[in-house]
Structures are given as C-alpha cells and as structure tokens.
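Asker:
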Amino acid sequence: MSDLPASELAKVRSILQREPTETELGIFTVMWSEHCSYKSSRLHLRKLPTSGERVLQGPGENAGIIDIGDGWAIAFKIESHNHPSFIEPFQGAATGVGGILRDIFTMGARPIAVMDALRFGPLDQPRNQRILEGVVSGIAHYGNCFGVPTVGGECVFEPCYNGNPLVNVFALGVFRHDEIFYGRASGIGNPVIYVGAKTGRDGIHGASMASAEFTEESKQKRPNVQVGDPFMEKLLLEACLEAMRTGAIVGIQDMGAAGLTCSTCEMGSRACTGVEIDLALVPQRETGMTPYEIMLSESQERMLLVAESGREDEVFAVFRKWGLDAVTIGRVTDDAMLRVKNHGVVVAEIPNRELADEAPLYDRPHNAEPYRSAPMAAPAFASSDLQGDLLKILASGDVCSKRWIWQQYDYMVRTNTLAGPGSDAAIVRIKETDTSIAMSLDGNGRYCALSPREGAQLIVAECCRNLSTVGALPLAATNNLNFGNPERPEIMAQLVESIEGIAEACRHFETPITGGNVSLYNETLGEAIWPTPVLGIVGLMKTALPVTIPFKEEGRTVVLLGGLGDCDAIRFGGTQYAKVVLDQLWGLPPALDLDYEKRLQAAIREIVTAGIAESAHDLADGGLAVALAECSMGSIGASIDLSTSLKPEIALFHEGPSRILVSTAVPEQVERVAHAHGVDAVRIGVTMKEELRIGNDSMTWIDCPVYRLREVSEGALENQLSFTHV
Amino acid sequence: MRVGVVVFPGSNCDHDAWYAVTRNLGQQAEFIWHDSQTLGQVDAVILPGGFSYGDYLRCGAIAKFSPVMMAVRKFASEGGLVLGLCNGFQILTESGLLPGALLRNRDLKFVCRPVTLRVETTNTPFTASASRGQLLRIPVAHGDGCYFADQRTLDMLEKEDRVVLRYVDNPNGALRDIAGICNERRNVMGMMPHPERASDILMGSTDGRVILESMVQSLVAAAA
C-alpha cells in the first residue's frame, strides 16, 4: 500500500516509535510526497529572495501577501495542475482554478484576477487539440461561474509537452490589512469546523500521482482526478468572507492537495498546537468510506476552520444562510499531536510538526551539466522572403493572437479590468483606492532548454518589462517550477540553475518571491519536458486609462527604446525565427544586461506615466518585426527604416531583450527621458495609415496592409483547430 | 431613485450593477437577497448577471422558483420597472415574464467580447434617452445567449415594436439578431449584453449608461 522509500519508512518508525497503522502510512505518504513536501527542491528554494519592505507574508502560508498602501493588501500565488490536466483536461484544469482560488480566499482576500500559463504539444496532433480545448473550457467553466475575471496568460506549443501539458494557474485577491487570516489552529479547546462540500472518494492520492512520472497505466488514474463545482466554490467564498467578518474565526485553511490530512496537521504545526478530529463527524458523500479514504480524499470546495469556543453558532448561521454544511469535527489540543479518531477509536496519532515541517529533505545530485540536446553552432541561413517569414511567424502557435482562447474567459466580470488579455500586462483596478495592480505571467522553455540560468533571468526581466511598459512598478513575484524527474542529476541541475537564475534576477529587480509551486516528474515514458519555470510578477500603478499596444494616430514618430540591439548567430538559436522558419534550435538564449534592463524599465515607466507615449509595446517572441506588426493591428501601420549593419533576418527577428516600441507626438521628450536614464532611443520611422512597411535606404523587406497582419494573427489558432476532431 | 439589485446564490455581476448605478450614475441601490418575500422600497429592480443557483438544469430554471421572483412578478404586474441583464434575461424568460428562450451559443462556446448593438426602439423606459438606430458598443459574456422563439412570437415582437436591441455583429446565433426585448406593457426588459460593464470610461466604453440612465430618467419623469 505504501509508496514510501525504505529510508522514509524508517524515519516514520523513529518518529512514532512503533509501526504505523495503515491510515498513518497513507498520511505520511501524501504529506511527504514531492508535491506537498518539496523534498527535492526545498534546499534550493532557500536561495530565493523572499523579503522586502512591502512583503507582509512570504512563502509558507497559503499565498504571499504584499502591502499596496492605504491599508490595502494583495494576496497572490501560482500553482500547477499539470498531471490531472493530462489525464482529464476539463476537470483537471477546472479544479486547478478552484484550488488556487481557495488558497487566496482562505486568507481573507477576495479573488479579483486569474491568469494561466499553458503548454501543449503541437496542434497537428488531434490529441493535443483535444487537450487544449478541454483545458480552456475547464478554466472558462470554473472561473466564469465563480465570477473572477481571467485577465491574461500565455500559451506555447512544443513537442516536449506532448505527453505532459502544463496548466499553471495564477490568482490574485485583495483585502484590507485587518482582514488577513492565517491557517493556524490557535486556542486550546477551540472547535475545529469542517465547511463546504461533502467528502467523497475522489482524488485520493492526487498529490502522490502528481509526484510520479507518467507511464502507460496513468490513463487508468482518472479516478485520482477531482471534479469541480464552481457554484459551490462561489457560495464557499461568500460564506467564508462573511463568516470572517463575524470575528469568531481564529484560523482557516482550504483542503487542497492531501485534503483533510494537510489542513489539520499544517494548521496545528503553524500554531504549535495539536488537532483532534473524529472522522465519523465528517460530512460524507458516500457510505462505507475508510479512515484512510476520508483523510486522503481530495474532494473539492472544502475548508477547515477553527472558531472561538462558544461562538460556533455565529459561524454556523452564516454557512446555513449560504446553504452549506458546517460541522464541528474536533478540537484544538495542547499536545501538538494530530489525533484522528473514527467513532471514538484512535486510527492515527502523529506529532504535527514532524509530519508537516520535518519531511525528508534531499540534496539530490546536480553536479552534471544541465541536460541539453541542442548543438551550439549556428547553421547557415539566408531568407529570400522576409515578409513571408513574418507572416509565417505571426501565424504560428506561440506568436499568434490567443483570442480564440481568451474570448471563452469572462475577462471583465467585477468591472475592474482596465487592460485584459492581449496586453503586455493585465491591469486590474482596486475600486476602493486610486491604485491599480498590473500583472504579468511568463515562461520560455525554449530559452531555458539552451540555458536554464540565463533563460530564467530573461523570464524575470520580461515580466518586469511587461509591467513597466504599462507604467507599473514591479513589486513581488511568484513562481511555478515545472521540471522533469529530479532523481536524474542533469534534470536536477536544470532545476538548480533555474532557481539560481531567478534568485539573481529577482534580487536585481527587487521583486521578492512570496510563494509558488514546484511541479516535478513532468515526464512521460522517460521523456522529460524542457525546464519550464513560469514567473508571475505583480506591480503597482495609479489608476488611469492604460497606454495600449496599437499605434493611435498617423504621422507619429516611432521610437525604439533600447535600440536595434546586437545579436550574434549563436544567440539567435532560441528565437521564434529559428523555430518557425528554420525549424531548428541551437546556441544560447539572447544576451541580457540586467543593469541596462533596469534602466530601460525606469525610463519607460517615466515615459508612460508622463503621458508622452501614445502607444507602448515591449519586444519579445519574434523580435522587432513581430512587435511592429502587433502595434499595427489597429488601423494604423508605420513606415520603418532600419539602417543597420546587422543582416536583415537578425535585425528583424532577433529577440534581444531590453527594448520597447513607443509611438509619440513628442519624440524629443521621449529621448530626453531615455537619455537621462542612460538608455538608447532610436527614431526608426513614422506611423501611417493601413500599411506596415519595413526596409532600409535601398530595399523594402516588408510591405503589408495591416488588415492582412491582423487576419493572419487572429485566425491562426482557429485554423489550426479546425482540422480533424476526435 | 432607488434601484434594487437581486442577489441569487451564484449571481456574480450584482456588485457591478450596484457600482454602475451608485458610482457611475449617482443613484441609490440596495441588494435584495433571493429568499426575500418583498422588494422593500425600490423604484426599479435589476436582475444581474451570473450563474444563479449554478445554472444547473437550465440557465435561470431554478431561480424562477425563488421567493424573490414572486415579489418581482408582483412588482412587474403593478408596472414596476424590471431590467434583466444576461442571467437576468434568462431568468425573465424562464419565469414567463418575457417570451422565448436563451439557448446555447451557436458555436457552443462561452463568448466574452464587446459587440455593437443597434437601438431598435426608444419607446421603452430603458431606451427613452437613446435615439433610434443609435449604435452602442457593449460587452457580452455568456454561454447561453442565443435568443430563440417560434416564428409567430418573433413576428409579434417585431410588430409590437418589442425588439429593443439588435446585434450588428451577432455573437451567438440569436434569431433575427435579437439582443434585448421587452414585455407587452414595456416595463420589463431583458438583454444579454452588459450595460453595467460599459458605464465607466476606465472600462473602455460608456455606451451602456444610456440604458441605465433612461431607466432612471423614466422613473424621475413618472414621479414628477
């Protein structure tokens, strides 16, 4: 029954000073799974910066908390639901949204935004189409009904995600400082109360499943995936926030991975107390469930809370109003033990702290070179049709418009979304203040496959640049580390290098990591995904009409902040051009100068805030040509003159960071700000009606009506999905 | 003027409607809980968007049995103004206060985007301040917004000038591009688009205000 390795089993015996019961063994197995205990990554996660003057709560709670001024705070976190989404895309993704939303509102914050980072195999395979459609409708189903806007995200297609799609969900909530709640079982004698949905046999051992590689038998694990009910979650949200306002709640935690087990021992451990419950009192959906099954069930939409003794009725009244179960199932004790009874008979008795906080810790070998299969040297290439290349990239899965996806999400509910999907960064206003929160989600497995350390730094830089481009100051970050099997040293080396890269960049941009998630064993039949760290970074700005991507008026000067940049052939190997046009991967990711990047970001924030840019868009996948095309997808294009010694393929499509396109009526003012920050500002052209023309003084490389650019970009995803359905 | 915003379990545009009425229009608004038998002292009622009772069975099918809907029926029969937005429209058709039904969108997917609407009649309290033929840019966000009714009902709606709003770019397959209709007495209107999401310039459009402002103006005129 137990999947515990012999060394961990020995540790269990020494903690208990006896043989564990079957229920105890189950409890240890889930709590010490990779998913719950971070046993392979914990040692290295300590390298991440986690403190800062605005950090009210760092890692270790259900979500990180950041002060945003005026007595307000935000809670946010990202979490993966990769394994369940492969086995059952719709429910896997839906419950991924449900789980992270509970992490936010269990702290007392009302969720106001969700974003998703998605990875799939290429869409020419019908199975990948089915997974994409299932995941997107799962996210839509849960988020739309719950009433939280899905305001952005990203979606990338690579063969390495064929048997291992990634579904990383980010959620953010808002509350006042005095409304913050923690998952602590304080106050000896206080009642432990179970609220929400009844417990069933679904999702038993979900956490352990998420901690193993996929094999042919994995498809039989469908019963391990939970089923979500967003309506129930919406009721739970309203009831919990209302119950918190009574003042009768001492601590509260959602039942996510490892369900009742995790919530009881963690709440006790944090408060240095014991928790004693009787499973016979737990509301059950099925008959004949064993203690093992009840403790390990991952049924959704459940919370555990501790109330002030004698004030239970105030709590019950609120849950009754919302038609939800609320039952006292136990008490807080003074002996620091998790004691589980069934009809009065003790079935498990484990010290809380040893179970929750002293899980095994592995220093897995990582002395190998990070695994990479790509060559270092660049192949020879020369294009005969640069416009054709641009259109091909605009129509490719990673670069094309994701409208087909985000139109299925209600991105406006709660009427706070000032900038939604398709923007450089999403912006959500806080109605009660004059502040808005900007947020950006980014990952790049392609870069990380070439260099996990540099790739990770580029991701952090990109997120912060996205925020700065809309005028927001980056504040704090959350990360989701998606990797293969950490027991292989070359995979472990990828993980360590990425964490160190993130740490270095987050220190540089002063965006501490306040929490996150690690998803390992993303392998199917021995094939690992590319190292795929995903960053979610949030920033702060004054509420105002946003500066958006499209050019607004003709006759405006187009300024490229950061300049044309430089890129040798080796640094060109991770670009979308290399992927889409040349179908190759080589070399290293684009070179990043952290100091220059930081100055550029300060400059664009000042430019946008001063209102001297009519449009702003940062350069990313596809480089300058793609960014110019995206700026031209309104009705205004531009005539661009690139006088450079770079060869045209590189000038147009290299992905050197630290560059932002703005259009402006006052270019000299833009230049003044840029130069004050020591940043290049190059006038590269002038906006004009309905056409995008790019060339140098002797040649025209691209000359395309803007409607065609839009058509190609917006229709691409639908076209790829319109083939064979199974 | 005082507007009551009904809150069903699962309503999620209730706060948005409240905010538009109070902050964008400067009127008063209060929430009315679904098990309330009365509406209190309100001059008009909004049934907001969302997923009332999870929209299980059919959208709006359970909400029609809630106690508050008894009170809304009575209010409407006495001539009170009732505006159903999105899920509110679905509840009004399920309750029989408006004819027809809202079916699954033509392409079977939830759709959230701004659409262009044409005001087909100004002879309702909800469009009196607009002009006929005026184009409004207002978002939709629904999975079941495809208006359906039999031929006779559709002809009757047209003949009686009860098609209030029509899509210029139909997002859901609604018959005859119908986005909003009113009842025979013209005091109950349902529409799938969300005017409360287009009442604040920060949200990108204020075209929705004309619907809510018309409602308020009509009440002011009636009270005078």
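Just so you know, the protein sequences line up as chains L and S, in that order.
This note's numbering numbers the first residue of the first sequence as 1 and each following residue consecutively.
This note's numbering numbers the first residue of the second sequence as 1 and each following residue consecutively.
Glycine residues also receive a C-beta, built at the ideal position from the N, C-alpha and C atoms.
#1: Considering just the uninterrupted stretch of the alpha helix (DSSP H) at L/F319, what are its terminal residues?
#2: Would you kindly work out how many angstroms separate the C-alpha atoms of L/V227 and L/H83, rounded to a whole number?
#3: Kindly indicate the opening and closing residues of the beta strand (DSSP E) around L/N416.
#4: Tell me the DSSP bridge mates of L/H617?
#5: With DSSP collapsed to three states, give me the class of L/S436.
#6: So, does the CB of S/G60 fall closer than 8 Å to a CB anywhere in chain L?
#7: Determine the contact status of L/A307 and L/I249, defining contact as a CB-CB distance below 8 Å.
#8: Give the straight-line distance between the Cα atoms of S/E120 and S/M69, rounded to the nearest whole angstrom.
#9: So, with DSSP's three-state summary, where would you put L/G26?
#10: Give every residue of the same chain whose Cβ lies closer than 7 Å to the Cβ of L/V726, excluding the five residues on either side of it in the sequence, and list them in chain order.
#11: Taking the continuous beta strand (DSSP E) assigned at L/V135, which residues delimit it?
#12: Use the C-beta contact count for S/F65: other C-beta atoms within 10 angstroms, 16 or more gives buried, fewer gives exposed.
#13: Counting only Cβ-Cβ distances shorter than 7 Å, please list the residues of the segment 22-46 of chain S near chain L, keeping chain order.
#14: What are the boundary residues of the alpha helix (DSSP H) that includes L/M244?
#15: Would you identify the three-state DSSP class for L/E668, choosing helix, strand or coil?
#16: Name, please, each residue of chain L whose Cβ falls closer than 8 Å to the Cβ of S/M203.
#17: Restricting to Cα atoms, I'd like to know which of L/E500, L/D410, L/C463, L/M412 is closest to L/S451.
#18: Decide yes or no for the touch test of the segment 476-486 of chain L against the segment 506-515 of chain L: beta carbon pairs closer than 8 Å, at least 3 of them.
#19: Taking L/Y521 as the reference, which of L/Q494, L/N482, L/Y707, L/P375 has the closest Cα?
#20: Would you say S/N172 faces chain L, with C-beta separation under 8 Å as the test?
#21: Using a Cβ cut-off of 8 Å (strictly closer), state whether S/K64 contacts chain L.
#22: Measuring only the C-alpha atoms, how far is L/D178 from L/V195?
#23: Where does L/T328 fall in DSSP's three states?
#24: S/G145 by DSSP, collapsed to three states: which one?
#25: Kindly indicate which residue of L/V55, L/S33, L/E504, L/C36 has the alpha-carbon position closest to the one of L/D593.
#26: Does L/K341 come out as helix, strand or coil in the three-state DSSP assignment?
#27: Can you pull the DSSP bridge partners for L/C272?
#28: Would you mind reading off the limits of the alpha helix (DSSP H) that contains L/L101?
#29: For the alpha helix (DSSP H) that contains L/N466, what are its first and last residues?
#30: Using a Cβ cut-off of 8 Å (strictly closer), state whether L/Y596 contacts chain S.
#31: Run through chain S and tell me which residues come within less than 7 Å of L/Q407, C-beta to C-beta.
#32: By the 10 Å Cβ neighbour count, where 16 or more other Cβ atoms means buried, how is S/S11 classified, buried or exposed?
#33: Over what stretch of residues does the beta strand (DSSP E) that includes S/A179 continue unbroken?
#34: Alpha carbons only, please: which of L/V156, L/M115, L/S383, L/Y142 is nearest the one belonging to L/L132?
#35: Taking 8 Å as the threshold (C-beta atoms), are L/Q576 and L/I294 in contact?
#36: Buried or exposed: which applies to L/L729, given that a residue is buried once 16 or more other Cβ atoms fall within 10 Å of its Cβ?
Answerer: According to the data block:
#1: The sequence position of residue 319 of chain L within the first sequence is 319, counting from 1. 312-321 is the span of the alpha helix (DSSP H), which, as asked, contains L/F319.
#2: As a position in the first sequence, residue 227 of chain L is number 227, starting the count at 1. As a position in the first sequence, residue 83 of chain L is number 83, starting the count at 1. Each residue's CA atom was taken as its position, placing L/V227 and L/H83 some 14 Å apart.
#3: Taking the first residue of the first sequence as position 1, residue 416 of chain L is located at position 416. For L/N416, there is no enclosing beta strand (DSSP E), since its DSSP letter is neither H nor E.
#4: Your numbering for residue 617 of chain L matches position 617 in the first sequence. For L/H617, which the question treats as bridged, DSSP gives the partners L/L661.
#5: Here residue 436 of chain L refers to the residue found at position 436 of the first sequence. L/S436: strand per DSSP, three-state reduction.
#6: Looking up residue 60 of chain S in the second sequence gives position 60. No, S/G60 does not count as interfacial toward chain L.
#7: Within the first sequence, numbered from 1, the residue matching residue 307 of chain L stands at position 307. Within the first sequence, numbered from 1, the residue matching residue 249 of chain L stands at position 249. Result yes, Cβ atoms of L/A307 and L/I249 sit closer than 8 Å.
#8: Here residue 120 of chain S refers to the residue found at position 120 of the second sequence. Here residue 69 of chain S refers to the residue found at position 69 of the second sequence. A straight-line Cα-Cα distance of about 28 Å links S/E120 and S/M69.
#9: As a position in the first sequence, residue 26 of chain L is number 26, starting the count at 1. DSSP, read as helix, strand or coil, puts L/G26 in helix.
#10: In the first sequence, residue 726 of chain L corresponds to position 726, counting from 1. A caution first: L/V726 carries a pLDDT of 43, below 50, which makes its placement in the model too unreliable to give a value.
#11: Here residue 135 of chain L refers to the residue found at position 135 when the first sequence is read from its first residue. No beta strand (DSSP E) contains L/V135, which is instead part of the alpha helix (DSSP H) from 126-146.
#12: In the second sequence, counting from the first residue as 1, residue 65 of chain S sits at position 65. The C-beta of S/F65 has fewer than 16 other C-beta atoms within 10 Å across all chains shown, which makes the residue exposed.
#13: For the segment 22-46 of chain S, no residue has a beta-carbon sitting nearer than 7 Å to a beta-carbon of chain L.
#14: Counted from its first residue, the first sequence places residue 244 of chain L at position 244. From DSSP, the alpha helix (DSSP H) with L/M244 extends over 230-245.
#15: As a first step, residue 668 of chain L is located in the first sequence; it is residue number 668 there, counting from the start. Secondary structure of L/E668 (DSSP, three-state): helix.
#16: The sequence position of residue 203 of chain S within the second sequence is 203, counting from 1. Within chain L, the residues near S/M203 are M412, T415, T417, L418.
#17: Within the first sequence, residue 451 of chain L is the residue found at index 451, counting from 1. Cα-wise, what sits closest to L/S451 is L/E500.
#18: The count of Cβ pairs closer than 8 Å, one atom from the segment 476-486 of chain L and one from the segment 506-515 of chain L, reaches three, so the stretches are in contact.
#19: Position 521 of the first sequence holds residue 521 of chain L. If we check each option's Cα against that of L/Y521, L/N482 comes out closest.
#20: Position 172 of the second sequence, counting from 1, holds the residue named residue 172 of chain S. False, the Cβ-Cβ gap to chain L never drops below 8 Å.
#21: Your numbering for residue 64 of chain S matches position 64 in the second sequence. S/K64 does not count as touching chain L.
#22: Residue 178 of chain L sits at position 178 when you count from the first residue of the first sequence. Residue 195 of chain L sits at position 195 when you count from the first residue of the first sequence. L/D178 and L/V195: Cα-Cα distance of roughly 23 Å.
#23: Start at 1 with the first residue of the first sequence, and residue 328 of chain L comes out as number 328. The three-state secondary structure of L/T328, taken from DSSP, is strand.
#24: Position 145 of the second sequence holds residue 145 of chain S. Under the three-state reduction of DSSP output, S/G145 falls in the coil class, being neither helix nor strand.
#25: Residue mapping note: residue 593 of chain L aligns to position 593 of the first sequence, counting from 1. Considering only alpha carbons, the answer is L/E504.
#26: Residue numbering aside, residue 341 of chain L sits at position 341 when the first sequence is read from its first letter. Assigned with DSSP and collapsed to three states, L/K341 falls in strand.
#27: Position 272 of the first sequence, counted from the first residue, corresponds to residue 272 of chain L. According to DSSP, residue pairing for L/C272 in a beta bridge does not occur.
#28: Position 101 of the first sequence, counted from the first residue, corresponds to residue 101 of chain L. Run containing L/L101: 89-105, per the alpha helix (DSSP H) assignment.
#29: Here residue 466 of chain L refers to the residue found at position 466 when the first sequence is read from its first residue. From DSSP, the alpha helix (DSSP H) with L/N466 extends over 452-469.
#30: As a working note, residue 596 of chain L is residue 596 in the first sequence. For L/Y596, not one C-beta of chain S is nearer than 8 Å to its own C-beta.
#31: Here residue 407 of chain L is taken as the residue at index 407 of the first sequence, counted from 1. Listed along chain S are V111, C112, R113, each with a C-beta nearer than 7 Å to that of L/Q407.
#32: Working through the second sequence from its first residue, we reach residue 11 of chain S at position 11. Counting Cβ neighbours within 10 Å, S/S11 comes out buried, since at least 16 surround it.
#33: Translated into positions along the second sequence, residue 179 of chain S becomes position 179. Going by DSSP, S/A179 is part of the beta strand (DSSP E) stretching over 178-182.
#34: Indexing the first sequence from 1 puts residue 132 of chain L at position 132. With distances taken between Cα atoms, L/L132 lies closest to L/V156.
#35: By one-based count along the first sequence, residue 294 of chain L stands at place 294. By one-based count along the first sequence, residue 576 of chain L stands at place 576. A distance of 8 Å or more separates the beta carbons of L/I294 and L/Q576.
#36: This structure gives no information on residue 729 of chain L, because the portion of chain L shown stretches from 1 to 726.
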